[in-house]
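Novice:
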Amino acid sequence: MKSATTSMNLRAPHLARKGDELSLGFYKFVFMTPTILVMMLVVAAPLLYSFYLSLHEYIVTYGQGPFIGLGNYVLLMGREFAGVSWVTMKLTVSVVVIEFLIAFSLALLLNQSWLRFREFYLVILMLPMLMTPVAVALMFRLMFNPNLGIINWLLSLVGIPAQGWFGDPNLALATVIFVDAWTETSLMLIMLYAGLRSLPQDPVEAARIDGANAWQILRHVTLPTLRPVILVTLLIRMITALKSYDLIYILTQGGPGKTTETISFYAYRLGFRFLDIGQAAAVSFILLIAVVALTLVLLRILRER
Amino acid sequence: MQPPLYVKILTHLVLGLASAVILLPLLWVLRTSFVDRVIAYKLPPELFFTPTLDNYRTILTEMEFGKFFLNSMVVASTSTLLAVIIGAMAAYAIDRYRAGGSAMPMIILATQMMPPIVLVIPFFLIFKNIGLTDSRLGLIFAYLAFNLPYVVWLLLSFMKRVPRELDEAALIDGCTPLTAFVRIVVPAMLPGIGAATILSFVLCWNEFLFALMLTGQQTKTLPVAVSSLVTQQGTAIGAVSAATILAMLPMALLYFAVRRFLVAGLNAGAVKG
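So the sequences go chain by chain: A and S. Going from the first sequence to our numbering is simple: count from 1 and add 937. Going from the second sequence to our numbering is simple: count from 1 and add 12.
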């Protein structure tokens, strides 16, 4: 609210001097045009084209076929799409919940006022954030290699038999989740930690003076005030999890079978392995709708703040 | 207030364990990149060995990773530069003149949430038709799709911290909005521009799906080159490790240089709406 009034104040002297709305409009135009032009070319146009493609039969080798309305979407309503949606949901929910619990616990610990070596821990814990996901995935592929990897060897030291990891249908998804948690937790950690740091300390002090213990302070003071930050963090992570693609490509290519095939990877496989662009576009649009729905919720929360 | 000793020990134990989980895999790969083939496969691992640069020599000479490294550099820096220049102008217009109305910041944020697979399919076909596949120019252009909204969003939050009185005064003193922007606003938000530049560069450097679909043998970027080693990984652990380190190295160096920026940027961009 405050910024709205100051912006009015800014306009007034400037307009009074220039004397017309025209010059303001002109500068708005000059400053905004490049961005709007680029966004139309690289976001809006491809998006519309993709929607157009999803309404047509389009096999790369034959080129564009006839308009088939929602045919591509109807074709998807089979078991295969249900399967990849289920995998995507399992993966998304698992990584969001696991990574949130780890990130929030670590953020709480890092936020303790008496903590020493805080900078040291932060440097290390934030490290994965900048790592190329492809490189991280490759690193873990080497370490989880059933015969040559260090992890099976380490487990053998404590008497656990060698596991197939990415090759084992029962373990593949869990292993992917582990690698995802390794890479992505740090982003959540930093967001939650920044949120904790920006909380006013007075209510916490007041509660402490009133004799509340650490758990009560967390439950009744910290959690309620941090709620918006937590919601935003969860939503952003959910959206990025739905989009994620790199890890699956390197780690499993959706296998074994289809146990780790997500919607993003399914769209990629339809389009660039089976060369069925129409279907791939339809799948990607369904994913887009899911992301848009989540984003709308996110925007609502951001507006309320 | 000091907590009891066991709480302190437990806290450091948990944080130490988490740090170890992050550090140990990185150190292991770093080690593997410096050993020869025989030692790379040895389990239990040999603790003492003579380090060798052979793996790095292999990927840089035989596999031309130098070229891919250069491709990544060119694409990431050019795309970032473009995004920052036109993004800063847009952030200024949106914040100070409310260009695009109050919905504009939200539209920018929403664009950022778009799954890349939705865009890569049309991009692939369009680029194929106009002959932009297998070119660095095409990729630079395509990266603006997520780069530009990201930069605008980050810069918007930094713009809010530049006091309005600054450019207001400049306008009263006779500057046009354009000169006020160049002489007053840009210098005042230089730290923000720095943070946005770095974060956007990181985004481009790490990007995989666009690069995979839109580049070819001569123009592929480092992540794509690294990913093509997957098939050979059974035979060349050392080379794969060296390539992995090479892809991570610039980011790691950048990271230590700009960690403070990064916290500020993420804090401003992601958490404070």
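Beta carbons: idealized from backbone N, C-alpha and C, even for Gly.
Does the distance from the CB of S91 of chain S to the CB of L131 of chain S come in under 8 angstroms?
Specialist: Their beta carbons are not under 8 angstroms apart, which means S91 of chain S does not touch L131 of chain S by this criterion.
Novice: In this structure, what does DSSP give as the bridge partners for Q1001 of chain A?
Specialist: DSSP, once it has assigned bridges, lists A:Y995 as partnering Q1001 of chain A.
Novice: Can you name the start and end residues of the alpha helix (DSSP H) that C216 of chain S belongs to?
Specialist: It spans 202-218 - the alpha helix (DSSP H) in which C216 of chain S sits, taken as one unbroken run.
Novice: Using only the alpha-carbon positions, how far apart do R110 of chain S and S1135 of chain A sit?
Specialist: Taking the straight line joining both Cα atoms gives about 27 angstroms.
Novice: Tell me, please, whether the CB atom of N8 of chain S is closer than 8 angstroms to any CB atom in chain A?
Specialist: Nothing about residue 8 of chain S can be read from this structure; chain S reaches only from 13 to 285.
Novice: For Y1205 of chain A, report the span of its alpha helix (DSSP H) as first-last.
Specialist: First-last of the alpha helix (DSSP H) with Y1205 of chain A: 1200-1209.
Novice: Let me make sure I understand the geometry here. Which of A:L961, A:G1015, A:L1235 has the alpha-carbon closest to that of R1164 of chain A?
Specialist: It is A:L1235.
Novice: For D1213 of chain A, which residues does DSSP report across the bridge?
Specialist: D1213 of chain A is bridged to A:I996.
Novice: Starting from L25 of chain S, find everything on chain A with Cβ-Cβ shorter than 8 angstroms and list it in chain order.
Specialist: Within 8 angstroms Cβ-Cβ: nothing; L25 of chain S doesn't reach chain A, min ~10 angstroms.
Novice: Considering only C-alpha positions, which residue in the set S:K172, S:P161, S:V174, S:K232 is nearest to V979 of chain A?
Specialist: Of the candidates S:K172, S:P161, S:V174, S:K232, the one whose C-alpha sits nearest the C-alpha of V979 of chain A is S:P161.
Novice: With contact counted as at least three CB pairs below 8 angstroms, one residue from each stretch, are the stretch 1197-1205 of chain A and the stretch 1017-1024 of chain A in contact?
Specialist: Output reads yes: the stretch 1017-1024 of chain A touches the stretch 1197-1205 of chain A.
Novice: Please state whether DSSP places Q1049 of chain A in a helix, a strand or coil.
Specialist: Three-state DSSP puts Q1049 of chain A in coil, outside helix and strand.
Novice: By Cβ distance below 6 angstroms, which residues in the same chain neighbour A941 of chain A in space, the five residues on each side in sequence not counted?
Specialist: Residue confidence for A941 of chain A is low, a pLDDT of 43 falling below 50, so the modelled location carries little weight; the figure read from the coordinates is stated next. None.
Novice: With a cut-off of 8 angstroms, does the C-beta of V1030 of chain A fall near any C-beta of chain S?
Specialist: No - not a single Cβ of chain S is within 8 angstroms of the one on V1030 of chain A.
Novice: Can a CB atom of chain S be found closer than 8 angstroms to the CB of L1052 of chain A?
Specialist: Yes, because at least one Cβ of chain S sits closer than 8 angstroms to the Cβ of L1052 of chain A.
Novice: Count the other CB atoms, across all protein chains shown, that sit within 10 Å of the CB of P189 of chain S; report buried if there are 16 or more and exposed otherwise.
Specialist: Per the 10 Å Cβ criterion, buried.
Novice: Give a yes or no on whether 8 angstroms exceeds the smallest Cβ distance from G143 of chain S to chain A.
Specialist: Not one chain A Cβ lies under 8 angstroms of G143 of chain S.
Novice: Could you work out which residue in S:F46, S:M171, S:T256 is closest to P199 of chain S when comparing CA atoms only?
Specialist: That would be S:M171, whose Cα lies nearest to the Cα of P199 of chain S.
Novice: Hey, is K1195 of chain A's beta-carbon within less than 8 angstroms of any beta-carbon in chain S?
Specialist: No, K1195 of chain A does not count as interfacial toward chain S.
Novice: DSSP three-state label for G1020 of chain A, please.
Specialist: Three-state DSSP puts G1020 of chain A in a helix.
Novice: What three-state label does DSSP hand F61 of chain S in the structure shown?
Specialist: Residue state, collapsed to three classes: coil.
Novice: Which bits of chain A does Y104 of chain S rub up against, with CB to CB less than 9 angstroms?
Specialist: The answer, in chain order, is F968.
Novice: Between S239 of chain S and chain A, is any beta-carbon pair separated by less than 8 angstroms?
Specialist: Yes, because at least one Cβ of chain A sits closer than 8 angstroms to the Cβ of S239 of chain S.
Novice: Just by C-beta distance, which residues in the stretch 1007-1035 of chain A are closer than 8 angstroms to chain S?
Specialist: Taking 8 angstroms as the Cβ-Cβ cut-off against chain S, none of the residues of the stretch 1007-1035 of chain A qualify.
Novice: Nearest by alpha-carbon distance to V997 of chain A: which of A:G1191, A:I1223, A:F1211 is it?
Specialist: Among A:G1191, A:I1223, A:F1211, the Cα nearest to that of V997 of chain A belongs to A:F1211.
Novice: State the CB to CB distance for the pair V1220 of chain A and I1238 of chain A, rounded to an integer number of angstroms; the pair is presumed to be in contact (CB under 8 angstroms).
Specialist: Not a contact, Cβ separation roughly 28 angstroms.
Novice: Helix, strand or coil: how does DSSP classify I1097 of chain A here?
Specialist: Three-state DSSP puts I1097 of chain A in coil, outside helix and strand.
Novice: In terms of residue numbering, what span does the alpha helix (DSSP H) encompassing Y104 of chain S cover?
Specialist: Element bounds for Y104 of chain S: 77-109.
Novice: Determine the DSSP secondary structure at V1 of chain S, reduced to helix, strand or coil.
Specialist: Examination of residue 1 of chain S is not possible in this model, given that chain S is present from 13 through 285 alone.
Novice: Following the continuous alpha helix (DSSP H) through Q124 of chain S, name the residue where it begins and the one where it ends.
Specialist: Note, Q124 of chain S: alpha helix (DSSP H), 116-124.
Novice: Which residues, in chain order, does the stretch 201-223 of chain S contribute to contact with chain A at a C-beta distance below 8 angstroms?
Specialist: Of all residues in the stretch 201-223 of chain S, V214, W217, N218, F220, L221 have a Cβ within less than 8 angstroms of some Cβ in chain A.
Novice: Alpha carbon to alpha carbon, how far is L27 of chain S from Y1058 of chain A? Give it in angstroms, no decimals.
Specialist: Those two C-alpha atoms are separated by around 7 angstroms.
Novice: Please go through the stretch 1065-1132 of chain A and give each complete alpha helix (DSSP H) segment of 4 or more residues, from N-terminal end onward.
Specialist: Qualifying alpha helix (DSSP H) stretches, in chain order: 1070-1080, 1087-1094.
Novice: Please classify A1230 of chain A as buried or exposed, where buried requires at least 16 other C-beta atoms within 10 Å of its C-beta.
Specialist: Exposed, since its Cβ has fewer than 16 Cβ neighbours within 10 Å.
Novice: Return yes when the Cβ of T1196 of chain A is within less than 8 angstroms of the Cβ of A1109 of chain A, no when it is not.
Specialist: Going by C-beta atoms, A1109 of chain A is nearer than 8 angstroms to T1196 of chain A.
Novice: Between T943 of chain A and the rest of its own chain, which residues show a CB-CB distance below 6 angstroms, the 5 nearest in sequence each way excluded?
Specialist: Interpretation of T943 of chain A is limited by its pLDDT of 43, a score under 50 that renders its predicted location unreliable; the figure taken from the coordinates is listed afterwards. Once the five neighbours on either side are set aside, T943 of chain A has no close Cβ partner at all.
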